[in-house]
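Enquirer:
In the working numbering, the protein residues as written are 4 to 78.
1. For residue 22, count neighbouring Cβ atoms within 10 angstroms of its own Cβ and tell me buried if that reaches 16, exposed if not.
2. Just the C-alpha distance for residue 37 and residue 12, rounded to the nearest angstrom, thanks.
3. What do you get for residue 65, buried or exposed, if any count of 16 or more other CB atoms within 10 angstroms of its CB means buried?
4. Name the two residues that bound the continuous alpha helix (DSSP H) containing residue 64.
In structure tokens form, the structure reads like this:
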């Protein structure tokens, strides 16, 4: 293996590690939400973080989680 090949492999590996590190940092910041932490549907919907605007992927996912977790036929 030549010096150029080793450099290319090292550069690509470092690039992948930097990108993964940035993704981990980004994912660990900001609000979190667990639908099971709330007693009923209304309380669950009201406690979706305000940073997540209606229609965003985060908000829609949290709302779906509330509906699934607190659906009436669950009991």
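Virtual Cβ for every residue (Gly too), placed ideally from N, Cα, C.
No experiment lies behind these values; they were computed from the predicted model shown.
Expert: On the basis of the coordinates in this document:
1. The residue in question, residue 22, is exposed, as its Cβ has fewer than 16 Cβ neighbours within 10 Å.
2. Rounded to the nearest angstrom, the two C-alpha atoms are 41 angstroms apart.
3. It counts as buried.
4. Bounds of the alpha helix (DSSP H) holding residue 64 are 60-72.
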